[in-house]
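First the structure, in the form of structure tokens, and then the observations on it.
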Amino acid sequence: MAEVLHIAQGSKEEKYRELVSQIKAVIGDESDLIANMANIASMLHETFGFWWTGFYRVLAQNQDNILVLGPFQGPMACTRIRWGRGVCGTAWKKQQTVIVPDVEEFPGHIACSSLSKSEIVVPVFQGDRVIAVLDIDSEHLNTFDETDQKYLEEIASIVEASASTTRES
Ligand code: SME
């Protein structure tokens, strides 16, 4: 695998395209889900310099499921999030991407950092089950749009493929 990230010059779309092809190259060689999440968080962070970029994984706890902090880049964050809580728990519950242009306007938003202004959360599936969410925070309002959604969902599907590989290996 290439160990130096190449960041495309140009539009957000060009940066995502270059990033996705490099993520595929890195993940193609590795079946460990945590390692893949760690590299994806790093590669997104290096490419876009978002305030906080990382994963929360769905873990079984007693008879319940909960999101637990996974690999990330950025300031320390809250460790556990319940189903339906905050933006992350909402994306998990709805099983779909949630874009929040202004976190102040999102009832129940969990403020891990007062500097976070907008957010996108993308579920990661294994089959029809959500196994994690990819959460990105920006210190600017209105950072995320349908371009971010399209490519981050593609990245989530690459994680899904690596999760399936992990299960089988
Ligand atoms: N803001 C998220 C919590 C996680 S942090 O942003 C890293 C939420 O409302 O679910």
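For the sequence shown, this note's numbering begins at 467 and goes up steadily by one.
From the three backbone atoms N, C-alpha and C, an ideal C-beta is built for every residue, glycine too.
Only a predicted model underlies this, so the values are computations on that prediction, with no experimental measurement involved.
- Secondary structure at Arg546: strand, using DSSP grouped into helix, strand and coil.
- Around Tyr617, the same chain offers Tyr482 and Val486 as residues with beta carbons nearer than 7 Å, after the five sequence neighbours per side are excluded.
- Within the same chain, Ile586, Phe610 and Gln615 come within 7 Å of Ile565 by CB-CB distance, once the 5 residues on both sides are set aside.
- Arg523 has its CB no nearer than 8 Å to any heavy atom of the ligand SME.
- Counting C-beta atoms within 10 angstroms of its own C-beta, Ser580 has fewer than 16 neighbours from the protein chains shown and is therefore classed as exposed.
- In terms of Cβ geometry, Thr519 and Ile602 form a close pair [threshold 9 Å].
- Comparing alpha carbon positions, the residue from Lys478, Arg523, Gly494 and Val492 closest to Phe514 is Lys478.
- Your pair Val599 and Leu533 checks out as a contact, with CB atoms roughly 7 Å apart and the cut at 8 Å.
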